[in-house]
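Chains as they are written, first to last, in the working numbering: chain A, 2 to 104; chain B, 11 to 492; chain C, 15 to 119; chain D, 1174 to 1671; chain E, 241 to 553. Note that the Cβ used here is the ideal one computed from N, Cα and C, for glycine as well. From a predicted model like this one, the values you see are computed outputs, not experimental measurements. Take a look at the structure set out below.
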Amino acid sequence: MTASEGLALLLLLAGSGFYFAGTVGLLRFPDAFCRLHALTKADNLGLCLICAGLAVLSADWRIASVLFLIWLLGLLAATVSAHLIARQARQAGADNIDPPEAS
Amino acid sequence: MTTEALALIVFVPLLVAAGMVVLPRSWLGLLIRIGLLPLPFLLLIPTMEVVDNGAYRVVLAGHDSPLGIVWLLDPLSLLMLWLNVGITLLVSLHASFSFPPSDQPARRFWPLWLILFASMNALVLSADLFNIYVTLELVTLAAIGLIAVEGKPAALRAAMRYLLLALMASLLYLLGVGLIYGQTGVLDLYLIAEHLEPAWLTITALALMIVGLLIKSAIFPLHAWLPAAHGNAPGPVSAILSAMVVKVSVYIIWRLWFWTAGDWDLDSAATLMGILGGLAIVYGSVAALVQQRLKMIIAYSTVAQLGYLMLLFPLASTLAFQAASYHLVSHGMAKAAMFLAAANILRSVGSDRLSRLAGIDQRLPLDVFALALAGVSIMGLPPSGGFLAKWLFLEAAREQEAWGWLVLVAASGLLAAAYLFRVLAVMCLHPRRRLRSDRRRRAPNLASVAAILLAVGAIVAGFASAPVLDLVAAGLPPGLAP
Amino acid sequence: MDNAALYVLAAAVLFGVGVYGLIVSAHLMRKLFAINIMGNAIFILMVAVAGPIDGAPDPVPQALVLTGIVIAVSATAFALALMVRLYQETGRATLADDNGPGNDD
Amino acid sequence: MMDLLLFWTPLLLVVVSALTGIVIFIAGERKARLRIILNLLAAVLKVLMVVLIGLLVLAGHTPEFRISLVPGLDLVLRADALSLLFATLSAVLWLVTTVYAIAYLERSPNRARFFGFFSLCVAATMGISLAGNLLTFFIFYELLTLTTWPLVVHTGTATAIRSGRTYLRYTLSGGVLFLIGLIWLYGITGPQDFIAGGTLAEHDLDHRLSLQIIFVLLAVGMGVKAAIYPLHRWLPEAMVAPAPVSALLHAVAVVKAGAFGLVRLVEDVYGPELVAGLGMDLPLLLAAAFTILYGSVQALRQVDLKKRLAFSTVSQVSYIVLGIAVGGPLATIGGIVHLVHQGLMKIILFFCAGIFGNLLGIKYIHQLDGVGRRMPWASACFTVGALGMIGLPPVAGFVSKWYLGAGAVAVGREWVVAVLVTSTVLNASYFLPVLKRIWLNPPPDQWPDEVQVSRIEIQALVGSAMVAALLALGVGLLAGHPLSPLSWATAIVTEYFP
Amino acid sequence: MLGIVLDLVIIASLIALAIQVVSGASLFRGIIHFIVMGLTLALAWARLGAPDLAMAEAAIGAGVTGALMMVAYRRLVEITPDHNPSRTGSRSRLALPIAVGAGGLVGLLGLGATLSDPEPGLAGLAVLEALQDEALGNPITGVLLLYRGLDTLLEIAVLLTAFLAAVAVTRREDLDYSITTRDPHTPLVGALLAIIVPLTVLVSVHLLKAGSHDPGGAFQAGAVLAACGVLLVLTSRVSASSQSRPLIGLGIVAGLISFSLIGLAAMLRGEPPMALPGMWAVYFIETAMMLSIALTLVLLFAGTESLRRNQHG
């Protein structure tokens, strides 16, 4: 295992860890706002780390830049969707944003 | 010339359907004519080709199989093309009254109608297992869309049931195709045989494909979807469903059985298929006997009549092939005629419950006439195409001393007579209250003429059989050719 | 591809799950799920059983499956539209009762 | 020119009535005048054409129309002596019945349907008479079933529908047996035309059992229409049909078609010798003999006039079968000539029953008291028919019975004579009381349901009955004339027994 | 080794998700699971050496199908807000044996086919051989357009048919029904659209172009473009309309018509039908198909037959 591979592995594992934490948060936190909190922050960081890990692994600037773009897009999407969900949750005044039939 | 004509036969209706999506409604009438009327003339060219030189291959895009897709025009596919073109044209005459181009629903109906037409043409030509899958899906989706086009709850439910079963059937077929490709790496159904040993794996794969097709062709006991679908669809749609759509799946089974697996020893399976056919005949007829609605009776009659097509498998001879093909032709015309007549009756009376049809023959003599005439052929009574088909079946059975099939075919006409005469008797019964003639809702005479033409066609088929039978005899599968 | 047999088994299980779902589900959307799962199983199978050519996967089944995926989504789209309409007309998204009102005329 | 004539005339004979039927359908209910004209015109034309064909045959030609249905399988219409006999009978009786029916059905509903199918029915009968092979015969035989059904259910009552169902159940089942037998037979011999004396003898050794079974199948298939016991049950039920239909069913079309078919089967397919050789003549003979007696006994028990006539038909038609089953030239002549004679006599009886029923509302025999005084002409006709049925000379029936008896003695089957005598006694005992009531009993104060009709209507009704009666008398009195049915039948039979 | 583990993880998730989909308590969660299953399946395709399929599965199988299911679910909920159907039908006793039997059969057949001395597919060999004469690097695109063009053409026809049939069964008044998020005009949404829309168009064009040599092609590109359209519908930039517009209609059938006409035109040059005159035709047809696929999918999503632009968009 070369150094770069080791680095990549480290980054990927860390990213997965953040994803895992975010997912646990999504499942365990009590209301919509907290869940968003877990989703956006932890997952975006996880995505960032995984992209970075993959970029190191690929050792190719073109791929690395595409991966960077992916991260940016992920950020953008997460931002807007979190914003919309939060607005909805606030307007509804409810802490449960699940669809009507769920649980 | 033949290549060009065949390509146009498939693509003209397809392109016209696409045109209907783009062009404004005022063009609809013209487009319908463009999409349908030239077809019989185009078909003359391939006909001459087949008559002169026998089978004809169209290598699409110039890439022969196994690389590309091939169309095979042989006598049997030519027969199917003629049947499709002829029946669709006559039913379209009727449809131009039930879905007049000036009305709103016409924009929904006609594109699907033409796609259905084109796809069946493509299907009967196709010699490629996967291409057949795609075309079958096209046929199915267009047909189901047409069933539901009027949005009646019963039709919607029937369409949904049909759709689910058809999708499942397609999957079974596709599974078989996948396995066969995995074994041979070939998809051309006339080439597969060269690369395939009849091992358990391939036989099972073929069986899966055939079961899928049996579902699509509603062979007992896989018929459950058919009566509701055919019984609740709009008249012209019922007509084409019973006359063509279920038949093309049977046609594919024939192809797989006699061409792809022509050399294999499938005797016990053939007997099974025959028994299914026999059960279909009995079950469909008995079920038709207890129905209370005219269209349901006709639909169950289709279940029964499809059974005859299964008898080809155990009998498997030149005569049987001619018989089954002739049955295809005569039943196609007769059943289309019946559904069209029933549609006119339904439209005029507002119901097709038998209890409300007493004395209807006085009010709608043309439609009752068409119904009765077509019934003669369905019952297999002479002189009619149905009789001739039955005769050929009997001869085929006698030739092989298959007495069981012989008695079945001979006696099964009685069952058909039982349910059809029940209908006719009701129509001749004196009405308890006087029927009020509602001129406004009456179907125009030309709509009845379409039904009568088809019914007369079924009768005339009892006399002018030689061209069809010669054609079929010229296109026998390799194993059966004398 | 040494993992073909593995995926074939996966396809078999998925197919079984699909069949199970198709039988036990009453709701039409669930039936569509099940049919789609069965379809996916068959797609996997088609690609997996085709032998590789010089170590590379055979492109033909992939192309066929690509076509199959588009057909599946088309059929699903239509089925969903049909289901919505059926629900609007009958208040049911099942096929359970065929003798309900509206089966006549 | 001659060839064309010979080719097309048989077809035209069939087509002319079929076309009439179709035109009547198309013309619709309202155009009564057109319908009447068409009907009469076609009926007259038909008689003329039969005469034309008769002349052609007399001149030694054989008009034959032939097309191929399936390669190797022909539809053949051919005029030979036997077919001409039946065709003449049908054509003449159709003309008479048409006149009668037009008057009878005046003002009743659904006349277009009635006359349309009436014509089609005659077309089918013509086809049967001209059929040149068994397949053609079968085709028209089934067509006849189809076209008579609407006539049976014509009144549209529940009873009519029910008896229509019985009718179909019997005839269509018979058709199935016929079809199986036909297919089987063609399997052995290949498609073959009717030839006097039959052509099956050469296959006797190889296929004896098959030929026997086939014979039974075909005989049962035809026996259904010929109403041979126990296949007769549909016939009395079919009495619900209007009187002209009953007349036609009993005298010409359906029942006679069955009997005619049996004649063809025995004489032209198997040949009398082979039938005897296969041992099939005796069962047929026994069935016929039993039916004769059974029908007569049943007739005796009926109180409904039309029912009594119906059972009389059951009995009488079996005379024809008896004749051919006995074998030998004389009995065969008797059977074939009875084909004509029974037709003429039975049609008189049904015409008269129809007149009594329609004009006076008479349905039961006890209501016939004194009808002779009220309707002398019709009653006279009825008497002629009844006496003929009993077999009293000089009415036609006597001739047939004479030949049958003589023929039976000639082949050493004397017991048949006993059957004939018993039957005659029975005939007398169910007809003579009726005649007594008609002529000797006093008329009631009021008829059950008397209706007023126009003179011309009565004239047409009674007139057609009288024409039939005259014909029945004529063929009996002039039996020796070279063109009489008897001479004709003799000529036919000479071919079978050279 | 790692590969096998990865395969096992993917397969286990697939099976677990499938079980969740068919037997989960909530329909809504069923849809979510279905989508996740589609994405997992994309991984499986990648593992099977089928990147084209992976992309198609992610975009079409998971994305589009999921979106269609979501919108159908939403309509059901609108009619009956507490739409929570009972999970199972009645005939459940035989279900398990049948399912096991079916699965077993498929497994047996599949294993039989895999393990029995797999010959290279003749068709596949022919494709790879023929492709050397072409300017195409992606054999799948070659199969789809050059060698088995009829399949692809009819597949487009299937999509068109599904669309026509879906419109045919939709109530007339529902054709004007618009699906949007609750407040689509917040500034953030505008900003998102301003970035995403050009980007997706760019990506789809890239996929289209890449398709000739690398994984990608008209279907994947069309699906991505459709996603963009779905976004526009959801954010009320365009909305459903029952007014048919010629341009929209032309877009729907562009793929079918251009492929058919070019395919037929081959006969004028004396070539067999469906023979393409050159690479330009491949690009042209793919572009038209991409547009048609995208537009049709958006229309299916919106449940309508035409679209209109909103003024305040």
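For residue j and residue i, the rounded distance between their alpha carbons
i: L376 (chain E); j: E147 (chain B); result: 29 angstroms
i: G155 (chain B); j: H1405 (chain D); result: 53 angstroms
i: L415 (chain E); j: C438 (chain B); result: 46 angstroms
i: W235 (chain B); j: A168 (chain B); result: 7 angstroms
i: V58 (chain C); j: P1244 (chain D); result: For clarity, residue 58 (chain C) is Ile in the given sequence; the question names Val instead. Distance between the alpha carbons of I58 (chain C) and P1244 (chain D): 53 angstroms.
i: S104 (chain A); j: I255 (chain E); result: Residue confidence for S104 (chain A) is low, a pLDDT of 37 falling below 50, so the modelled location carries little weight; the figure read from the coordinates is stated next. Rounded to whole angstroms, S104 (chain A) to I255 (chain E) spans 23 angstroms at the Cα level.
i: A286 (chain E); j: R88 (chain A); result: 38 angstroms
i: D112 (chain C); j: A93 (chain C); result: For D112 (chain C), the predicted structure reports a pLDDT of 48, less than 50, and the residue's modelled location is therefore unreliable. The matter cannot be settled from this model.
i: I86 (chain A); j: R106 (chain C); result: 31 angstroms
i: G553 (chain E); j: T420 (chain E); result: Note on G553 (chain E): pLDDT 44, under 50, position unreliable in the model; the coordinate value appears next. The straight-line gap from Cα to Cα measures roughly 12 angstroms.
i: V249 (chain E); j: G361 (chain E); result: 29 angstroms
i: E1410 (chain D); j: A1333 (chain D); result: 9 angstroms
i: P487 (chain B); j: M277 (chain E); result: 45 angstroms
i: A70 (chain C); j: A307 (chain E); result: 34 angstroms
i: G188 (chain B); j: V63 (chain C); result: 8 angstroms
8 angstroms Cβ cutoff, residue i in contact with chain B
i: L109 (chain C); result: yes
i: T527 (chain E); result: no
i: I497 (chain E); result: yes
i: S452 (chain E); result: no
i: G69 (chain C); result: no
Beta-carbon neighbours of residue i, restricted to chain E and to distances below 7 angstroms
i: T81 (chain C); result: D391, T392, E395
Cutoff 8 angstroms: residue i Cβ touching any chain C Cβ
i: G245 (chain B); result: no
i: L350 (chain B); result: no
i: R411 (chain E); result: yes
Beta-carbon neighbours of residue i, restricted to chain D and to distances below 7 angstroms
i: A116 (chain B); result: Within 7 angstroms Cβ-Cβ: nothing; A116 (chain B) doesn't reach chain D, min ~32 angstroms.
Min CB distance residue i to chain E below 8 angstroms
i: Y191 (chain B); result: yes
i: P76 (chain B); result: yes
i: L77 (chain A); result: yes
i: M43 (chain C); result: yes
i: T104 (chain C); result: no
C-beta neighbour in chain A for residue i, strict 8 angstroms
i: G553 (chain E); result: Caution applies to G553 (chain E), whose pLDDT of 44 falls short of 50 and renders its modelled position unreliable; the model cannot decide the point.
Listed by chain order, chain B residues near residue i by CB distance under 9 angstroms
i: T1330 (chain D); result: L439, H440
i: V1326 (chain D); result: L434, A435, C438, L439
Interface residues of chain A facing residue i [CB-CB closer than 8 angstroms]
i: V429 (chain E); result: V81, L85
Contact set between residue i and chain C, taken where Cβ atoms lie within less than 8 angstroms
i: T280 (chain E); result: Those within 8 angstroms of T280 (chain E) in chain C number zero; the least Cβ separation is about 10 angstroms.
Proximal chain A residues relative to residue i, where beta-carbon distance stays under 7 angstroms
i: I435 (chain E); result: L77
i: L432 (chain E); result: L77, V81
Looking at C-beta atoms only, is the number of pairs between the region 396 to 409 of chain B and the region 252 to 270 of chain B that lie closer than 8 angstroms three or more? Cβ pair count under 8 angstroms is below three, so no.
In chain order, which continuous runs of the alpha helix (DSSP H) of length 4 or greater are located wholly inside the region 30 to 74 of chain A? DSSP runs (the alpha helix (DSSP H)) wholly in the region 30 to 74 of chain A: 33 to 38, 44 to 59.
Any 3 or more C-beta pairs closer than 8 angstroms across the region 1305 to 1324 of chain D and the region 420 to 429 of chain B: Because the criterion of three Cβ pairs below 8 angstroms is not met, the region 1305 to 1324 of chain D and the region 420 to 429 of chain B do not touch.
Touching or not, the region 1605 to 1624 of chain D and the region 1531 to 1543 of chain D, by the rule of three or more beta carbon pairs under 8 angstroms? When Cβ pairs closer than 8 angstroms are counted between the two stretches, the region 1605 to 1624 of chain D is seen to touch the region 1531 to 1543 of chain D, the count reaching three or more.
Would you call the region 23 to 38 of chain C and the region 65 to 77 of chain C in contact, with 3 or more CB pairs under 8 angstroms? Verdict: no, contact absent.
Would you be able to state if there are at least three C-beta pairs under 8 angstroms between the region 220 to 239 of chain B and the region 189 to 202 of chain B? Fewer than three beta-carbon pairs drawn from the region 189 to 202 of chain B and the region 220 to 239 of chain B are found closer than 8 angstroms, and the two stretches are therefore not classed as touching.
Going along the chain, which unbroken runs of the alpha helix (DSSP H) with 4 or more residues stay wholly within the region 241 to 282 of chain B? Qualifying alpha helix (DSSP H) stretches, in chain order: 245 to 250, 256 to 264.
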